[in-house]
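Worksheet: the structure to be examined is printed underneath.
Residue numbers (my numbering): 168 to 364.
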């Protein structure tokens with residue numbers, strides 16, 4: 168794998184992590200309990216990303232991406248799950264967002280049902296593969312690099328957010344994150360319906 172291709176991929180991956188989305192909201196909600204819980208939640212996100220990367224490496228993601236109904240089903244399932252997480256977060260008192268193994272699991276499923284991750288590994292990642300060499304080892308390297316970047320990002324984010332969370336209040340941050348999860352879910356469902364029609 169050429170260094171310039173790898174460096175370009177790292178840049179694109181960093182930008183992707185900076186853009187807030189469902190994974191951000193899940194990690195922020197986990198961080199309302201503690202930086203450690205936020206980091207554990209981030210590890211769940213990266214476990215989902217690892218599965219996506221491995222599926223893309225062996226070609227399964229390309230098959231799914233080629234079937235519009237499969238992407239739609241994943242998108243709708245993801246939106247419903249994100250909505251469920253948001254509503255269940257709103258029903259809790261205080262900042263007792265589910266964390267630890269449950270926060271890890273929620274982040275894992277949220278990432279796994281995110282069709283944008285499939286599209287990233289099918290459409291974006293291959294642009295950083297040297298076509299003169301075997302593809303699957305390079306896709307595996309890109310997957311590992313992406314997972315490592317994400318682990319570093321989520322751990323840093325969880326620890327850097329703690330002063331803000333302490334100042335604003337964990338319960339308020341958890342509630343805002345939960346409301347935003349519901350908003351994202353509704354937007355994803357609306358987008359799915361419009362796209363399907």
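All residues carry an ideal CB built from backbone N, CA and C; glycine is no exception.
**Request:** Give the C-beta separation of residue 367 and residue 344 to the nearest angstrom, bearing in mind that I take them to be a contact with Cβ-Cβ under 8 Å.
**Result:** For the chain, the structure presents residues 168 to 364; residue 367 sits outside this window and is missing.
**Asked** In this structure, does DSSP put residue 190 in helix, strand or coil?
**Response** The residue labelled residue 190 in the question sits at position 23 within the chain shown. DSSP places residue 190 in helix when its eight states are reduced to three.
**Asked** Are residue 282 and residue 241 touching if we call contact CB-CB under 8 Å?
**Response** Here the question's residue 282 lines up with position 115 in the chain shown. Here the question's residue 241 lines up with position 74 in the chain shown. The answer is yes: Cβ separation under 8 Å.
**Request:** Using only alpha-carbon positions, find the residue among 308, 259, 362 and 236 that is nearest to residue 170.
**Result:** Counting from 1 along the chain shown, the entry for residue 170 is found at position 3. Here the closest residue by C-alpha is 308.
**Asked** Hey, how far is the Cα of residue 183 from the Cα of residue 253?
**Response** Walking along the chain shown from the start, residue 183 turns up at place 16. Walking along the chain shown from the start, residue 253 turns up at place 86. Residue 183 and residue 253: Cα-Cα distance of roughly 22 Å.
**Message:** According to DSSP, is residue 344 part of a helix, a strand, or is it coil?
**Reply:** As a first step, residue 344 must be located in the chain shown, where it is residue number 177. Correct three-state label for residue 344: helix.
**Prompt:** Does the Cβ of residue 299 have 16 or more other Cβ atoms within 10 Å, making it buried, or fewer, making it exposed?
**Reply:** Locating residue 299 in the chain shown gives position 132, counting from the first residue. Exposed, by the Cβ-count rule.
**Message:** In whole angstroms, give me the CA-to-CA distance for residue 316 and residue 179.
**Reply:** Against the chain shown, residue 316 aligns to sequence position 149. Against the chain shown, residue 179 aligns to sequence position 12. When rounded, the distance between both Cα atoms is 11 Å.
**residue 203 to residue 233 span [Cα, whole Å]** = In the chain shown, the residue the question calls residue 203 occupies position 36. In the chain shown, the residue the question calls residue 233 occupies position 66. Approximately 39 Å, taken between the alpha carbons.
**Item:** Pairwise C-alpha distance: residue 259 and residue 338
**Value:** Walking along the chain shown from the start, residue 338 turns up at place 171. Walking along the chain shown from the start, residue 259 turns up at place 92. Going by the C-alpha atoms only, they are around 10 Å apart.
**Asked** Is residue 227 buried or exposed, if buried means 16 or more other CB atoms sit within 10 Å of its CB?
**Response** Walking along the chain shown from the start, residue 227 turns up at place 60. Looking at its Cβ environment, which holds fewer than 16 other Cβ atoms inside 10 Å, residue 227 is exposed.
**Inter-residue spacing [alpha-carbon to alpha-carbon] between residue 172 and residue 255** = Working through the chain shown from its first residue, we reach residue 172 at position 5. Working through the chain shown from its first residue, we reach residue 255 at position 88. If I take the Cα positions, the gap works out to 42 Å.
**Prompt:** Do the region 202-216 and the region 269-276 make contact, defined as three or more Cβ pairs closer than 8 Å?
**Reply:** yes
**Prompt:** At a cut of 8 Å, does the region 213-222 reach the region 279-294 through at least three beta carbon pairs?
**Reply:** yes
**Message:** So for residue 168, helix, strand or coil by DSSP?
**Reply:** Counting from one through the chain shown, the residue named residue 168 turns up at place 1. Coil at residue 168, not helix or strand.
**Prompt:** Can you tell me the Cα-Cα spacing of residue 301 and residue 201, whole angstroms?
**Reply:** Reading the chain shown from its first residue, position 134 is the one you call residue 301. Reading the chain shown from its first residue, position 34 is the one you call residue 201. Roughly 43 Å separates the two Cα atoms.
**Request:** Could you name the residues of the same chain whose beta carbon sits closer than 8 Å to that of residue 363, not counting the 5 residues immediately before and after it, in chain order?
**Result:** For the purposes of this step, residue 363 is taken as the residue at position 196 of the chain shown. Excluding sequence neighbours, residue 363 sits near 239.
**C-alpha gap between residue 187 and residue 229, whole angstroms** = Walking along the chain shown from the start, residue 187 turns up at place 20. Walking along the chain shown from the start, residue 229 turns up at place 62. Rounded to the nearest angstrom, the two C-alpha atoms are 25 Å apart.
**Request:** Could you pull out every unbroken alpha helix (DSSP H) segment of at least 4 residues lying fully inside the region 169-253, listed in chain order?
**Result:** 170-185, 189-198, 202-224 and 227-233
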